[in-house]
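Working notes for the structure below.
2 protein chains.
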Amino acid sequence: MTDHYELYYWPSIQGRGEFIRLAFEDAGVAYVDVARQPVADGGGIPAIQRALRGELGGLPPFAPPIVRGGGVVVSQTAAILQWLAPRIGLAPHTEEDRLAAHQLQLSIADVVSEAHDVHHPISTSLYYKDQRTEATRAAGYFIDDRIPKWLGYFERVLVASPGEQLVGDTLSYVDLSLFQLVEGLTYAFPRAMARLAPSIPCVLALRDRVHARPRIAAYLASPRRLAFNEDGIFRHYDELDLQA
Amino acid sequence: MTDHYELYYWPSIQGRGEFIRLAFEDAGVAYVDVARQPVADGGGIPAIQRALRGELGGLPPFAPPIVRGGGVVVSQTAAILQWLAPRIGLAPHTEEDRLAAHQLQLSIADVVSEAHDVHHPISTSLYYKDQRTEATRAAGYFIDDRIPKWLGYFERVLVASPGEQLVGDTLSYVDLSLFQLVEGLTYAFPRAMARLAPSIPCVLALRDRVHARPRIAAYLASPRRLAFNEDGIFRHYDELDLQA
Chain A
1320 MTDHYELYYW PSIQGRGEFI RLAFEDAGVA YVDVARQPVA DGGGIPAIQR
1370 ALRGELGGLP PFAPPIVRGG GVVVSQTAAI LQWLAPRIGL APHTEEDRLA
1420 AHQLQLSIAD VVSEAHDVHH PISTSLYYKD QRTEATRAAG YFIDDRIPKW
1470 LGYFERVLVA SPGEQLVGDT LSYVDLSLFQ LVEGLTYAFP RAMARLAPSI
1520 PCVLALRDRV HARPRIAAYL ASPRRLAFNE DGIFRHYDEL DLQA
Chain B
1320 MTDHYELYYW PSIQGRGEFI RLAFEDAGVA YVDVARQPVA DGGGIPAIQR
1370 ALRGELGGLP PFAPPIVRGG GVVVSQTAAI LQWLAPRIGL APHTEEDRLA
1420 AHQLQLSIAD VVSEAHDVHH PISTSLYYKD QRTEATRAAG YFIDDRIPKW
1470 LGYFERVLVA SPGEQLVGDT LSYVDLSLFQ LVEGLTYAFP RAMARLAPSI
1520 PCVLALRDRV HARPRIAAYL ASPRRLAFNE DGIFRHYDEL DLQA
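Heads up: the sequence lines are chains A and B, in that order. So in the working numbering the end of the first sequence lands on 1563, straight run, no missing numbers. So in the working numbering the end of the second sequence lands on 1563, straight run, no missing numbers.
Take a look at the structure:
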């Protein structure tokens, strides 16, 4: 008997939930994407609302993604992955490498938040259109300073790694997350990423290797993979990208 | 023989390093605050630069705080505390409670980043004075929407907790971190926090209990506790607080 896993995440965006979906998909582990099931079957947004009210038990979560499985309820993306990965064969083998993977996942979480804040620099309470002027200003610094600093850091980690992945001698969940980060930044800032490409060859090679993994390739080609869109974390607003 | 612990963090601010300092101090565990030692003795900013170049071994850190001890080097505040707490007697007792504490610590990390971004909404590459207009706009939403939402969440967790602390039946590192969060927000936004006080009695009672713990009280009264200042994460700019 295997564990039954449920993911609670917004049904119309990749968002932070996508880091969890990618882990389940690559592991070939069945999971229910609860909010993408019909409301009549206990799905939809009401399912997330129940989870946020703490009705799944355990610590009340602050926000999705939330995973239930093995009698446990976990929220916070990096905590979910740290807990989940050993159970589905996606964790590094040694304790030291697991600690390293978690640190890298937390750094990926930091970049993800920064990428979100570029289009919402003033407040998540406002629409993008109401903070577009500030967003345009923020984007220039994000493109010139932060993307190169962050992806340059992951490039350095890959160069120093003994294998082709970020940590240890086999692919782990944090490699899937770096793939997702690069895909998201490339969707949001295609011209900026094209300019940066020559300086991050190992990051891009890892992205390509993850993309080619059979289960990931099948997932990306399936209707389960939601398209990037302008409700998610990585948004393409042409005026925020590097100007040609 | 006990482990020898070194903390690498900016020597002139509380910042994210303070969450680590508070854990060491409350546990009564000796640690070297390396960058606060003289440069001639291997301290100062050059010590942080060496750590960031990866010269301590292990995964290259992205940013301080960094802790070395027990043959391991760890960065990312929440990862450090998760690793450190069981070694110094500040972790909850059960695996389930440890998982809950880590999720809460990650949520505290999220608020801390939001509090920082209020005074740096456009970029960390710019000074506050160069993004003051945007910061003033951001602060209003942070005060009206985000501080109540976050501290209301921790209030709810405390109300639901069987004991007087966030998790389990004894104080853990995450209670110390919530203390620091409340202290920081109160320094930065005294009028906003005074307005909010009636709705977060459990959070404030926990803050008071942590403050009264003998080793914490001794630490706060010592020169080891740096004062809040306008180079750190929690900054008091009167124009950003609730206007009287």
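Think of the CB as a built atom: it goes at the ideal place given N, C-alpha and C, for glycine as much as any other residue.
- Who are serine 1394 of chain A's beta bridge partners in DSSP? Taking the first sequence and counting its residues from 1, one reaches residue 1394 of chain A at position 75. Serine 1394 of chain A pairs with A:Ile1385.
- Item | valine 1529 of chain A to alanine 1540 of chain A span [Cα, whole Å] | To locate residue 1529 of chain A, count along the first sequence from 1; it is residue 210. To locate residue 1540 of chain A, count along the first sequence from 1; it is residue 221. Distance between the alpha carbons of valine 1529 of chain A and alanine 1540 of chain A is about 14 angstroms.
- Query: Are there 16 or more other CB atoms within 10 angstroms of the CB of aspartate 1557 of chain A, so buried, or fewer, so exposed?
  - Reply: Within the first sequence, the letter at position 238 stands for residue 1557 of chain A. Label assigned to aspartate 1557 of chain A: exposed.
- Task: Measure from the alpha carbon of alanine 1479 of chain A to the alpha carbon of each residue in B:Tyr1350, B:Asp1360, B:Pro1357, B:Pro1379, then state which is nearest.
- Result: Position 160 of the first sequence holds residue 1479 of chain A. The shortest Cα separation from alanine 1479 of chain A among B:Tyr1350, B:Asp1360, B:Pro1357, B:Pro1379 belongs to B:Pro1379.
- Among A:Pro1440, A:Ser1444, A:Ile1462, which one has its Cα closest to the Cα of glutamate 1453 of chain B? The residue given as residue 1453 of chain B occupies position 134 in the second sequence. Glutamate 1453 of chain B has its Cα closest to that of A:Pro1440, out of A:Pro1440, A:Ser1444, A:Ile1462.
- Output the boundary residues of the beta strand (DSSP E) element that contains valine 1353 of chain A. As a position in the first sequence, residue 1353 of chain A is number 34, starting the count at 1. Taken as a continuous stretch (DSSP letters only), valine 1353 of chain A belongs to no beta strand (DSSP E), as it is neither H nor E.
- Query: Going by other Cβ atoms of all chains shown within 10 Å of its Cβ, with 16 needed for buried, is aspartate 1360 of chain B buried or exposed?
  - Reply: Here residue 1360 of chain B is taken as the residue at index 41 of the second sequence, counted from 1. Exposed.
- Shorter than 7 angstroms from the beta carbon of phenylalanine 1338 of chain B to some beta carbon of chain A? Against the second sequence, residue 1338 of chain B aligns to sequence position 19. Closer than 7 angstroms: no.
- Name, please, each residue of chain B whose Cβ falls closer than 9 angstroms to the Cβ of glycine 1460 of chain A. Taking the first residue of the first sequence as position 1, residue 1460 of chain A is located at position 141. According to the sequence as given, residue 1460 of chain A is tyrosine; it is not glycine. Chain B residues near tyrosine 1460 of chain A: Ile1441, Ser1442, Thr1443, Ser1444, Leu1445.
- Item | Opening and closing residue of the alpha helix (DSSP H) in which tyrosine 1460 of chain B lies | Here residue 1460 of chain B is taken as the residue at index 141 of the second sequence, counted from 1. Element bounds for tyrosine 1460 of chain B: 1451-1460.
- Give a yes or no on whether 7 angstroms exceeds the smallest Cβ distance from tyrosine 1378 of chain B to chain A. As a position in the second sequence, residue 1378 of chain B is number 59, starting the count at 1. Here the sequence assigns leucine to residue 1378 of chain B, which means tyrosine is not the residue at that position. Interface residue, yes.
- Item | leucine 1341 of chain B - DSSP class collapsed to helix/strand/coil | Counting from 1 along the second sequence, the entry for residue 1341 of chain B is found at position 22. Note: leucine 1341 of chain B maps to helix in three-state DSSP.
- Message: So, does the stretch 1488-1500 of chain A touch the stretch 1402-1420 of chain A, judging by three or more C-beta pairs under 8 angstroms?
- Response: yes
- Helix or strand or just coil, what does DSSP make of glutamate 1325 of chain B? By 1-based counting over the second sequence, the position of residue 1325 of chain B is 6. It is a strand residue.
- Query: For arginine 1456 of chain A and chain B, any beta-carbon pair shorter than 7 angstroms?
  - Reply: By one-based count along the first sequence, residue 1456 of chain A stands at place 137. Chain B contact via Cβ: present.
- Message: At the level of alpha carbons, what is the spacing between valine 1437 of chain B and aspartate 1352 of chain B?
- Response: Counting from one through the second sequence, the residue named residue 1437 of chain B turns up at place 118. Counting from one through the second sequence, the residue named residue 1352 of chain B turns up at place 33. Looking at the two C-alpha atoms, the distance is approximately 28 angstroms.
- Per-residue DSSP class, three states only, for alanine 1540 of chain B: As a first step, residue 1540 of chain B must be located in the second sequence, where it is residue number 221. Correct three-state label for alanine 1540 of chain B: coil.
- Task: Compute the Euclidean distance between the alpha carbons of arginine 1510 of chain A and aspartate 1560 of chain A, then round it to the nearest angstrom.
- Result: The sequence position of residue 1510 of chain A within the first sequence is 191, counting from 1. The sequence position of residue 1560 of chain A within the first sequence is 241, counting from 1. In a straight line, the C-alpha of arginine 1510 of chain A is about 6 angstroms away from that of aspartate 1560 of chain A.
- Inspect the beta-carbon positions of phenylalanine 1473 of chain B and threonine 1396 of chain B and report whether they are closer than 7 angstroms. Residue numbering aside, residue 1473 of chain B sits at position 154 when the second sequence is read from its first letter. Residue numbering aside, residue 1396 of chain B sits at position 77 when the second sequence is read from its first letter. No. Outside cutoff.
- Burial state of proline 1383 of chain B (16 or more Cβ within 10 Å): Taking the first residue of the second sequence as position 1, residue 1383 of chain B is located at position 64. Buried, by the Cβ-count rule.
- Message: Quick check for students: name the residue ranges of the alpha helix (DSSP H) that lie wholly in the stretch 1460-1520 of chain A, counting only runs of 4 or more.
- Response: 1466-1479, 1492-1507, 1509-1515
- Are at least three pairs of beta-carbons, each pair with one atom in the stretch 1383-1393 of chain B and one in the stretch 1333-1348 of chain B, less than 8 angstroms apart? yes
- lysine 1468 of chain A to leucine 1525 of chain B span [Cα, whole Å]: The count along the first sequence starts at 1 and reaches residue 1468 of chain A at position 149. The count along the second sequence starts at 1 and reaches residue 1525 of chain B at position 206. Using only the alpha carbons, I get a separation of about 38 angstroms.
- Message: Just verifying my parser: in three-state terms, what is the DSSP assignment at alanine 1410 of chain A?
- Response: For this step, residue 1410 of chain A is matched to residue 91 along the first sequence. Three-state DSSP puts alanine 1410 of chain A in coil, outside helix and strand.
- Message: Just checking leucine 1515 of chain B against the ligand ZN - is the residue's beta carbon closer than 6 angstroms to any of the ligand's heavy atoms?
- Response: The ligand ZN is not part of this structure, which contains no ligands at all.
- Item | Chain-ordered neighbours of alanine 1568 of chain A on chain B, where CB pairs are closer than 8 angstroms | What the structure shows of chain A is the stretch from 1320 to 1563, and residue 1568 of chain A is not part of that stretch, so it cannot be assessed.
- Output yes or no for whether 7 angstroms exceeds the beta carbon distance between leucine 1485 of chain A and leucine 1403 of chain A. As a working note, residue 1485 of chain A is residue 166 in the first sequence. As a working note, residue 1403 of chain A is residue 84 in the first sequence. It is not a contact, given that the beta carbons lie outside the stated cut-off.
- Mind listing which residues of the stretch 1324-1337 of chain A have their C-beta closer than 8 angstroms to chain B's C-betas, in chain order? none
- Query: Taking buried to mean at least 16 other C-beta atoms within 10 Å of its own C-beta, is isoleucine 1552 of chain B buried or exposed?
  - Reply: Working through the second sequence from its first residue, we reach residue 1552 of chain B at position 233. Buried is the call here.
- Task: Take arginine 1387 of chain A and list the residues in its own chain whose beta-carbon comes closer than 6 angstroms to its own, dropping the five residues that flank it on each side.
- Result: Here residue 1387 of chain A is taken as the residue at index 68 of the first sequence, counted from 1. Result list for arginine 1387 of chain A: Glu1325, Leu1375, in chain order.
- Say whether chain A places a C-beta atom closer than 7 angstroms to the C-beta of aspartate 1464 of chain B. Taking the first residue of the second sequence as position 1, residue 1464 of chain B is located at position 145. So, interface residue.
- Message: Taking the alpha-carbon of leucine 1523 of chain B as reference, which of B:Arg1456, B:Lys1448, B:Leu1477 has the nearest alpha-carbon?
- Response: For the purposes of this step, residue 1523 of chain B is identified with residue 204 of the second sequence, where counting begins at 1. Nearest C-alpha to leucine 1523 of chain B: B:Leu1477.
- Query: Does DSSP put tyrosine 1447 of chain B in a helix, in a strand, or in coil?
  - Reply: Residue 1447 of chain B sits at position 128 when you count from the first residue of the second sequence. Here tyrosine 1447 of chain B sits in helix by DSSP.
- Query: Hey, how far is the Cα of leucine 1497 of chain A from the Cα of threonine 1489 of chain A?
  - Reply: Numbered from 1 along the first sequence, position 178 holds the residue referred to as residue 1497 of chain A. Numbered from 1 along the first sequence, position 170 holds the residue referred to as residue 1489 of chain A. Rounded to whole angstroms, leucine 1497 of chain A to threonine 1489 of chain A spans 15 angstroms at the Cα level.
- Task: Kindly say whether serine 1394 of chain B, judged by its beta-carbon, lies nearer than 7 angstroms to any beta-carbon of chain A.
- Result: Looking up residue 1394 of chain B in the second sequence gives position 75. Closer than 7 angstroms to some Cβ of chain A, the Cβ of serine 1394 of chain B qualifies, so yes.
- Query: Using 7 angstroms as the limit for Cβ to Cβ distance, is histidine 1555 of chain A near chain B?
  - Reply: Start at 1 with the first residue of the first sequence, and residue 1555 of chain A comes out as number 236. No, because no Cβ of chain B sits closer than 7 angstroms to the Cβ of histidine 1555 of chain A.
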